[in-house]
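Since the structure comes first, as structure tokens, the remarks are kept for the end.
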Amino acid sequence: MATPLTAPTTDPGCRVLGLRERKKQRTRDALVDAAHRLFLTQGYGRTTVDEIAASVDVSQRTFFRYFANKEEVALAVMSDAEDYFIDCLRRRPADENPLQAMRAAITEAWLELGQDDQSGPAGVTAALELFELLETTPTLLAAHLRRTTEQEGVVAGVLAEREGLDAAVDLRPRLLAAVFGAVVRLSHLSWTSDTAAHAAGPDGMIALIERHFDQLGPALAGSWR
């Protein structure tokens, strides 16, 4: 089952993959799919690398060709989604201001990934369910937050390049990237407790993200009274 986070015959840069690359992509997707199914049904702590590999009928050695550890395969769907968002952000029109570009990119990413959503563990809906797993698994949460910090640096670099700024001197790109990351994480947390948004799946997440961004300006500059 192919993950929806990248097309099965192209990479994020839209390069057509060869036969060998497609085979490797299918193996990676199958490992991610099996890992998520096991994590969601029996828990992260109870799942072993051997079980994940056996579910795909490959060796442990093959598993480690694709992932450094169990933690990395658990975060693969969200990591791929974050990378896809970065790709969308780089393609946004130059006349959009930084916040407009990021809002449009995150919505575009969720819509594109949601179009290919599946009922299986590699789908976007299952990725949303993994947010709940993250919040109850300290090792995964710590790893996710580390990657989020790294992604903020990448986003800041993209914003600085778009605006012709030096991110090492101008604080705005890094500050806006950090605020953006906080808004998205709050949206994820809200999704886990919002029954209506939860039931709506990816569309519910997009609505929550838009709602949180609508409140960003008033929260930062408006009167709260």
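Letter 96 of the sequence shown, counting from 1, is numbered 96 in the numbering used here, and no numbers are missing. Every residue, glycine too, gets a C-beta built ideally from N, C-alpha and C. Please read all numbers here as calculations on a predicted model, not as lab measurements.
Item                                                                                                                                                        : Value
My understanding is that Ala178 touches Glu152, with C-beta atoms under 8 Å, so please give their C-beta distance in whole angstroms.                       : 5 Å
Round the Cβ separation of Val154 and Ile106 to the nearest angstrom and send it over; I've been treating them as touching at under 8 Å.                    : About 14 Å; that fails the 8 Å criterion.
Could you pull out every residue in the same chain whose Cβ sits closer than 6 Å to the Cβ of Lys70, ignoring the five residues on either side in sequence? : Val49
Using the beta-carbon count (16 or more within 10 Å), is Arg28 buried or exposed?                                                                           : buried
Have a look at Leu175, Glu150, Arg146, Arg147 and flag the residue whose alpha-carbon is nearest the alpha-carbon of Ala160.                                : Leu175
Tell me the DSSP secondary structure of Pro93 in three-state form.                                                                                          : coil
What does the alpha-carbon distance come out to for the pair Gly157 and Gln100?                                                                             : 16 Å
By DSSP, does Phe67 sit in helix, in strand, or in coil?                                                                                                    : coil
State buried or exposed for Asp33, treating a residue as buried only when at least 16 other CB atoms are found within 10 Å of its CB.                       : buried
Using three-state DSSP, classify Thr192 as helix, strand or coil.                                                                                           : helix
Within this structure, are the beta carbons of Ala143 and Leu75 separated by less than 9 Å?                                                                 : yes
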